[in-house]
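As structure tokens, the structure follows; a few thoughts come after it.
There are 2 protein chains.
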Amino acid sequence: MKIEVCYTPQAYKLFHNPNAIVVVIDILRATSAITTAFYNGVTKMIPVATVEEAQEYKANGFMVAAERNGEMVKGFDLGNSPFGYMNAKVKGKTIAITTTNGTQAIEAAKGASKIIIGSFLNMDTVIDYLKKEKKDVLFLCAGWKNKFNLEDTLFAGAIAGELIVKSGFETQCDSTLAAMHLYTLAKHDLYKFLANSSHRNRLAKLDLDRDIKYCLTPNQCPVLPIMKGKFLVKL
Amino acid sequence: MKIEVCYTPQAYKLFHNPNAIVVVIDILRATSAITTAFYNGVTKMIPVATVEEAQEYKANGFMVAAERNGEMVKGFDLGNSPFGYMNAKVKGKTIAITTTNGTQAIEAAKGASKIIIGSFLNMDTVIDYLKKEKKDVLFLCAGWKNKFNLEDTLFAGAIAGELIVKSGFETQCDSTLAAMHLYTLAKHDLYKFLANSSHRNRLAKLDLDRDIKYCLTPNQCPVLPIMKGKFLVKL
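First to last, the protein sequences are chains F and Z. Residue 2 is where the first sequence starts when you use this note's numbering, and the numbers rise one by one after that. Residue 2 is where the second sequence starts when you use this note's numbering, and the numbers rise one by one after that.
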């Protein structure tokens, strides 16, 4: 049971492993929003790569979430703030979603045998699932426009450390080792550790500090979103 | 004066900055070997991407170095062990060189306005040069077949930290922050920190532990290799 961490969707092809469970990570904020959505009763989500595809779903009567560069795209129902999904109006709904990075990562991993959604919000649920499945694990960080980011890496490092230290997983992958080292430095105060990080600053400018604090608080939404065909559903 | 770190040649295009000095890094072992070569009197080097191009230079009477997967390619004069260049026979020579990762990184950065070669062996020389030039700096890690590696990242973090803390450079780049954090953890014993790293293990299997220790020992070769047209020369 080997673990690898892929820092960007661009690099996914180099890491593709047909036996691995792919954990897609976009802490700020797509996978945190998706986790929150299922916890609040959303039935299905349809991740799509482009705003054009999202518009088609909208035209066909779906509830649709669209975010680019941290902001909700005009004319859609939701962005990728988790708080948008803490609302009775989403309950029982199927929601199409496109985001700057998170849904691009899901798209990149399309050939994987199994794709699950990871965030600090469902951290222990992800760990329990991976321990039970006993398969190779590939963490796919969404990053920011195919550049490395810290928050996704920290989450990968948190889970990798737990699996390696306590459950017999192993790694020969430097990006996994780096993620684990970084999490060791960050774990006592993730918010403070990310003070100078690029995306925390990007979101702070958009007055989204509340989102950041929420997304970094573990285990508020114990659900596991998983891809089934073109849909995300709750396991 | 901003600093960015690009972890792999694959990602270079996302980081390309026409104003930046690009520092190419392949600690184990291409840029360490190149630094050692110039320190030992090599006049010029010609980095080439493929073994085929290297063969052409060989056919035309050049001394040629070729390495793939850690080993010297048969039929060539040198590999990328720095110890191969500590030899009177290289003095005054022009040497063509192709390696698994390092020369691919140089190739990727071809459009840069200035490319220099960095390694722990010429660390302070690189720092002095960047402080004097006062330009943006882009560290380009060679990695391993377009995957992240630890040793190149540590070197980038070492220099970035020095420039940011002492010389007014700045960064808004998460990969730079991560590199600096990792160097902070590693700096007291680089060799030990890399104990589980992928390439240290790859080279240990080839009985190259002596190379690793040499490549991690700072400031043994105070020279600065720099690209001029298709040649590397000593500044």
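We treat Cβ as the ideally placed atom computed from N, Cα and C, and that holds for glycine. Just so we're clear, the structure is a prediction, and the values are computed from it rather than from any experiment.
Partner residues on chain F for residue i, Cβ-Cβ distance less than 9 Å
i, result
"T154/Z", "D175 and A179"
"L204/Z", "Per Cβ cutoff of 9 Å: no residues; L204/Z is ~13 Å from chain F at best."
"L29/Z", "Going along chain F, no residue has its Cβ under 9 Å from L29/Z, so there is no contact; the nearest lies around 11 Å."
Beta-carbon neighbours of residue i, restricted to chain Z and to distances below 8 Å
i, result
"L183/F", "A179, H182 and L183"
Anticipated Cβ contact below 8 Å, residue i with residue j, distance rounded
i, j, result
"F1/Z", "P219/Z", "A query on residue 1/Z cannot be resolved here, the shown segment of chain Z reaching from 2 to 236 and no further."
"L29/F", "C216/F", "6 Å"
"T172/Z", "K3/Z", "6 Å"
"L164/F", "F170/F", "4 Å"
"V65/Z", "A97/Z", "5 Å"
"F84/F", "D212/F", "7 Å"
"K115/Z", "V23/Z", "7 Å"
"E5/Z", "L183/Z", "In fact, because the Cβ distance is near 16 Å, the residues do not count as touching under 8 Å."
"G71/F", "L204/F", "6 Å"
"P10/Z", "A106/Z", "5 Å"
"A179/F", "A179/Z", "7 Å"
Within chain F, partners of residue i - CB distance below 8 Å
i, result
"Y8/Z", "Y8 and F149"
"L236/Z", "Result: empty, since nearest Cβ-Cβ is about 30 Å, beyond 8 Å."
"L131/Z", "Neighbours of L131/Z on chain F: none; closest Cβ ~21 Å, over 8 Å."
Residues that residue i bridges to, as DSSP identifies them
i, result
"V25/Z", "I118/Z and L141/Z"
"F232/Z", "K229/Z"
"M64/Z", "I96/Z"
"L79/F", "A66/F"
"K1/Z", "Nothing about residue 1/Z can be read from this structure; chain Z reaches only from 2 to 236."
"C222/Z", "For C222/Z, which the question treats as bridged, DSSP gives no partner whatsoever."
"C7/F", "L141/F"
"E57/F", "E57/F is not bridged to any residue."
"K111/Z", "Paired residues: none, contrary to the question."
"M73/F", "E68/F"
"E171/Z", "K3/Z"
"K148/Z", "W145/Z"
Distance CB(residue i)-CB(residue j) smaller than 8 Å
i, j, result
"M87/F", "G80/F", "no"
"N41/F", "K111/F", "no"
"K136/Z", "N20/Z", "yes"
"E68/F", "T100/F", "yes"
"S120/Z", "T32/Z", "yes"
"I47/Z", "K235/Z", "no"
"A143/F", "S82/F", "no"
"G158/Z", "M124/Z", "no"
"G103/F", "V25/F", "yes"
"I128/Z", "L233/Z", "no"
"L141/F", "C222/F", "no"
"T95/F", "V224/F", "no"
"K90/F", "F77/F", "no"
"K214/F", "Y192/F", "yes"
"Y8/F", "Y13/Z", "no"
Neighbour list for residue i in chain Z, Cβ cutoff strictly below 9 Å
i, result
"Q105/F", "Near Q105/F there are no residues of chain Z at all, since even the closest Cβ is about 13 Å away, more than 9 Å."
"L233/F", "Simply none; closest approach about 27 Å."
"L164/F", "The contacting residues do not exist; L164/F stays about 15 Å from chain Z at best."
"L217/F", "Residues of chain Z passing the Cβ test: none, with the nearest at roughly 15 Å."
"L122/F", "Near L122/F there are no residues of chain Z at all, since even the closest Cβ is about 21 Å away, more than 9 Å."
Under 7 Å by beta carbon: chain F residues contacting residue i
i, result
"N197/Z", "L178"
"L225/Z", "By Cβ distance, chain F contributes nothing, its closest Cβ being about 27 Å from L225/Z, past 7 Å."
Chain Z residues whose Cβ lies nearer than 7 Å to that of residue i
i, result
"Q56/F", "Within 7 Å Cβ-Cβ: nothing; Q56/F doesn't reach chain Z, min ~27 Å."
"Q11/F", "Q11 and A12"
"L207/F", "Near L207/F there are no residues of chain Z at all, since even the closest Cβ is about 16 Å away, more than 7 Å."
"L141/F", "The premise fails here: L141/F is roughly 14 Å from chain Z at the closest Cβ pair, so nothing lies under 7 Å."
"L191/F", "Residues of chain Z passing the Cβ test: none, with the nearest at roughly 13 Å."
Okay, do the segment 197–205 of chain F and the segment 150–157 of chain F touch, 3+ Cβ pairs below 8 Å being the bar?
Inter-segment contact for the segment 197–205 of chain F and the segment 150–157 of chain F is present: three or more beta-carbon pairs are separated by less than 8 Å.
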